[in-house]
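In full-length UniProt numbering, the protein residues as written are 1 to 300.
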Amino acid sequence: MGLQKLIWAELAVEDFEQALEFNVEVLGLSVVAKDGESVHLSCDLDDPHAQLVVSPGGTGVRSFALGVDSEDELARFEARLAELDVATERRSDARPHQPVSLAFRLPTGQEVVLVPRPGRPLYRHQGFDVSSMRRGVGVADLDHITIAFSDDAQARATAHVLTEGLGFRISDLFVNADDEWLAAWTRAGEVHHDVGLIRCQAGASLHHLAWTVDNMEHHKRAADTLASAGHLLETGPGRHGVGGNLYSYLWTPGGNRYELSAEMPRILGERTDPLVRKAGEFNSFSAWGAQRPESFTRGS
Ligand SMILES: [Fe+2]
């Protein structure tokens with residue numbers, strides 16, 4: 001079915017003004033719309049669509065959206081979710097540039113919105129160097145979202161909705177000695193993960209929201225930019241053991257964790273079953289030997 005990548009996420013933020021200033025002045029996003037108390041921001045110089053919506057009050061993810069190829073595809077997903085007994089809601093003009101959408105809730109609690117984006121380019125053009133036009137960190141795109149779960153059965157149920165309802169595949173699973181899920185990485189298309197799941201404290205909805213940066217040089221400039229503005233990394237830069245993408249993580253003034261991610265790999269071949277790794281036997285966090293920080297089990 002015609003599922004696209006993550007197109008936007010709405011985060012609840014504490015200290016709204018500081019969160020907005022961080023996203024604009026330090027991360028380099030632009031305000032493209034205001035909607036009540038919420039502000040819509042974009043990192044794409046050519047795209048009027050927001051990739052981030054920040055709303056005051058609390059922390060965590062309020063909802064996140066995946067693009068679909070057409071309204072016909074939206075109807076097909078609606079029917080498929082109904083077969084799985086997942087309640088959905090059709091919405092009209094819920095957001096700018098979003099005349100129709102379909103919302104539902106995952107078993108882990110997060111709201112997912114499917115949005116037709118028939119004209120969306122199938123790839124990001126690499127030949128036009130916009131790095132000099134960017135502000136602050138200057139992220140290139142919204143990359144992926146990693147949601148929080150605290151209950152093994154709910155995580156499995158969420159993965160079931162993603163795979164059976166939306167056609168996701170699980171790329172990797174990370175489990176403990178009792179085969180309980182510690183983390184899962186799922187993909188809508190050919191990149192290693194679009195939606196991740198990580199076990200966190202009860203009540204958390206978000207582990208991190210990830211933004212694309214170009215390469216390790218961009219990671220270095222980003223860390224310098226962040227540090228000079230008083231925002232220190234939680235961990236990184238490094239290369240993940242699972243997936244192999246380059247990472248840096250930080251807690252933002254809004255009370256949520258962001259990741260900067262580069263070199264997200266493409267899946268080779270048609271294999272559909274996940275690779276299962278056991279804690280203690282494999283360092284899923286780092287391919288270079290860094291240990292996962294204690295703070296990493298905390299979500300927002
Ligand atoms: Fe990530």
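By construction, the Cβ of each residue, glycine as well, lies at the ideal position given by its N, Cα and C atoms.
Remember, predicted model here, so these are calculated numbers, not experimental data.
*Secondary structure at Asp-224, three-state DSSP: helix, strand or coil?*
helix
*For Gly-236, is the classification buried or exposed, using 16 other Cβ atoms within 10 angstroms of its Cβ as the cut-off for buried?*
buried
*asked:* Checking 9 Å against the spacing of the C-beta atoms, do Leu-206 and Thr-252 come in under that value?
replied: no
*Report yes or no: do the region 16 to 24 and the region 74 to 84 share at least 3 C-beta pairs separated by less than 8 Å?*
Output reads no: the region 74 to 84 does not touch the region 16 to 24.
*From the DSSP output, which residues share a beta bridge with Pro-48?*
According to DSSP, Pro-48 bridges with nothing at all.
*By how many angstroms is the C-alpha of Gln-18 removed from the C-alpha of Tyr-267?*
At residue 267 the sequence reads Ile, which differs from the Tyr that was named. Taking the straight line joining both Cα atoms gives about 38 Å.
*Closer than 8 Å: is that where the CB of Gly-196 sits relative to any heavy atom of ligand 1?*
yes
*State the start and end residues of the unbroken alpha helix (DSSP H) segment that holds Phe-77.*
71 to 83
*So, is Glu-281 buried or exposed, given that buried needs 16 or more other C-beta atoms within 10 angstroms?*
exposed
*Alpha-carbon to alpha-carbon, Glu-180 and Val-86*: 24 Å
*Is the beta carbon of Arg-257 less than 9 Å from the beta carbon of Tyr-249?*
For the 9 Å CB-CB criterion, Arg-257 and Tyr-249 form a contact.
*Between the C-alpha atoms of Asn-245 and Arg-117, what's the straight-line distance to the nearest angstrom?*
27 Å
*Assess, as a yes-or-no matter, whether the region 130 to 150 is touched by the region 211 to 226 under the definition of 3 or more beta carbon pairs within less than 8 Å.*
With a cut-off of 8 Å, the region 130 to 150 and the region 211 to 226 count as touching, because enough Cβ pairs lie within range.
*Say the cut is 8 Å; is the CB of His-144 nearer than that to a heavy atom of ligand 1?*
At least one heavy atom of ligand 1 is found less than 8 Å from the C-beta of His-144.
_Straight-line gap, Asp-15 to Gly-60 (C-alpha atoms, nearest Å)_ = 13 Å
*Opening and closing residue of the beta strand (DSSP E) in which Leu-275 lies*: According to the DSSP assignment, Leu-275 belongs to the beta strand (DSSP E) that extends over 275 to 278.
*Quick one: Cα of Phe-217 to Cα of Arg-90, how far?*
Before going further, note that residue 217 is Glu rather than Phe in the sequence given. So the alpha carbons of these two residues sit roughly 43 Å apart.
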